[in-house]
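Plus 96 on top of the position in the sequence shown (first one is 1) and you've got our numbering.
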Amino acid sequence: MGRKLTFEIFRYNPKDPKSVPHTDGFQLEETDSMTLFIALARIREEQDPSLQFDFCCRAGICGSCAMVINGRPGLACKTLTRELPERIILMPLPVFKLIGDLSVDTGTWFRAMNEKVGSWIHTDKAFDPAAQEERMENAVAEEIYELERCVECGCCVAACGTANMREDFVGAVALNRIARFMLDPRDSRTEKEYFDVIGTDEGIFGCMGLLACEDVCPKNLPLQDQLGILRRKMGWTALKNLFSFKRT
Ligand code: SF4
Ligand code: SF4
Ligand code: FES
């Protein structure tokens, strides 16, 4: 017989004026290889059909099942209950707008962030559908791919002290996006243009460097390295800007 798990799950429907934030308790017998996603699906099926939580791929790819699991942001579909104690407390990710219970709207936040930092290839080249694919060095393509693995789950944002205190902070996920475009030879943005986007308190200089983002990233992105590289690069650009300003 498996362990008897006790779940304490945050409940609140912001659209219902009668709803009050609270936690509900549920009990479930643990089965082999049970993930939190499986546990939640069983609770919804067998005990409370009104429980709200998000999922799509069930394989750590879509990023939609992120939640705070015993105080730490993580993906429900990638978390095995056997890695957790018998008492499991589930809360929605902070920072993002609450839809209900464990479901949050990460899409609106990510869209605004991507627009804010210009998260696409900036080029003046006209698109020619008949042209051959542009070649890129394998080593560069691999470096870009490493940073492209982000699934926009929001765990790094939820764990970030600055993002929790300041709505305007772009977060490690956006800084990682910019690091990715800086590597890309097809992006024509200059150092100064990148500086204008992230060389502020809303960007790299708002980061406190305590690296909760890297600790919780379920895709193990090298956020620590990228934040360090950007801080150095943007620091140099700030100095260059200062000296060129003094000469004029
Ligand atoms: S290192 Fe920077 S981006 Fe990462 S969690 Fe800390 S403040 Fe946020
Ligand atoms: S960087 Fe990691 S934690 Fe942050 S959104 Fe991407 S996959 Fe999730
Ligand atoms: S359901 Fe897609 S990452 Fe968990």
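A virtual CB, placed ideally from N, CA and C, is assigned to each residue, including glycine.
Keep in mind it's a predicted model, so treat the numbers as computed, not measured.
Contact with chain D by residue i, beta-carbon distance below 8 angstroms
i      : result
Pro117 : Considering every chain present, this structure includes no chain D. It has just one protein chain.
Residues near residue i in its chain [Cβ-Cβ closer than 7 angstroms; skip 5 each side]
i      : result
Ile325 : Ala275
Cys252 : Gly267, Ala268, Val269, Cys309, Val312, Cys313 and Leu319
Ser146 : none
Phe265 : Thr258, Ala259, Glu298 and Gly302
Met304 : Gly257 and Thr258
Nearest residue (CA-CA) to residue i, options the options
i      : options                           : result
Ser115 : Gly295, Phe106 and Gln123         : Phe106
Pro190 : Arg178, Leu180, Leu176 and Val164 : Val164
Thr381 : Arg140, Glu142, Leu101 and Phe265 : The structure shown has nothing for residue 381, since the chain only spans 97 to 344.
Ala254 : Pro314, Glu242 and Lys329         : Pro314
Val247 : Asp264, Arg231, Leu307 and Gly203 : Gly203
Cys161 : Pro145, Asp144, Gln143 and Leu136 : Leu136
Glu179 : Ser340, Arg99 and Asp264          : Arg99
Phe151 : Glu289, Ala172 and Asp144         : Ala172
Val200 : Asn234, Pro188 and Cys158         : Pro188
Glu244 : Gly167, Phe277, Met209 and Leu194 : Phe277
Cut-off 8 angstroms between Cβ atoms - residues of its own chain near residue i, not counting five sequence neighbours on either side
i      : result
Lys111 : Gly196
Ile139 : Phe103, Ile105, Phe122, Leu124 and Leu147
Pro117 : Phe106, Arg107 and Tyr108
Asn337 : Lys288 and Phe291
Gly295 : Phe301, Met330, Thr333 and Ala334
6 angstroms Cβ shell around residue i - same chain, five flanking residues per side excluded
i      : result
Glu239 : Leu279
Val424 : Because the chain in this structure spans residues 97 to 344, residue 424 falls outside the shown range and cannot be described.
Ser215 : Arg273
Contained alpha helix (DSSP H) runs [length at least 4] in the segment 110-177, N- to C-terminal order: 132-142
Contact shell at 7 angstroms, judged by CB to any heavy atom of ligand 3, ordered along the chain: Phe133, Phe151, Cys152, Cys153, Arg154, Ala155, Gly156, Ile157, Cys158, Gly159, Ser160, Cys161, Leu171, Ala172, Cys173, Lys174, Val247 and Cys249
Within the segment 246-304, ranges of the alpha helix (DSSP H) (whole runs, at least 4 residues): If we require 4 residues or more, the alpha helix (DSSP H) runs fully inside the segment 246-304 come out as 251-254, 257-261, 267-279 and 287-294.
Distance cut 7 angstroms, beta-carbon to ligand 1 heavy atom: residue list by chain order: Cys252, Ala255, Cys256, Gly257, Thr258, Ala259, Gly267, Ala268, Leu271, Cys303, Met304, Gly305, Leu306, Leu307, Ala308, Cys309, Glu310, Leu319 and Leu323
Runs of beta strand (DSSP E) wholly within the segment 197-255 (minimum 3 residues, chain order): 199-201
The segment 261-272 touching the segment 293-313, judged by at least three CB pairs closer than 8 angstroms: Proximity of the segment 261-272 to the segment 293-313 meets the contact definition, three or more beta-carbon pairs being nearer than 8 angstroms.
Within the segment 318-344, ranges of the alpha helix (DSSP H) (whole runs, at least 4 residues): 319-343
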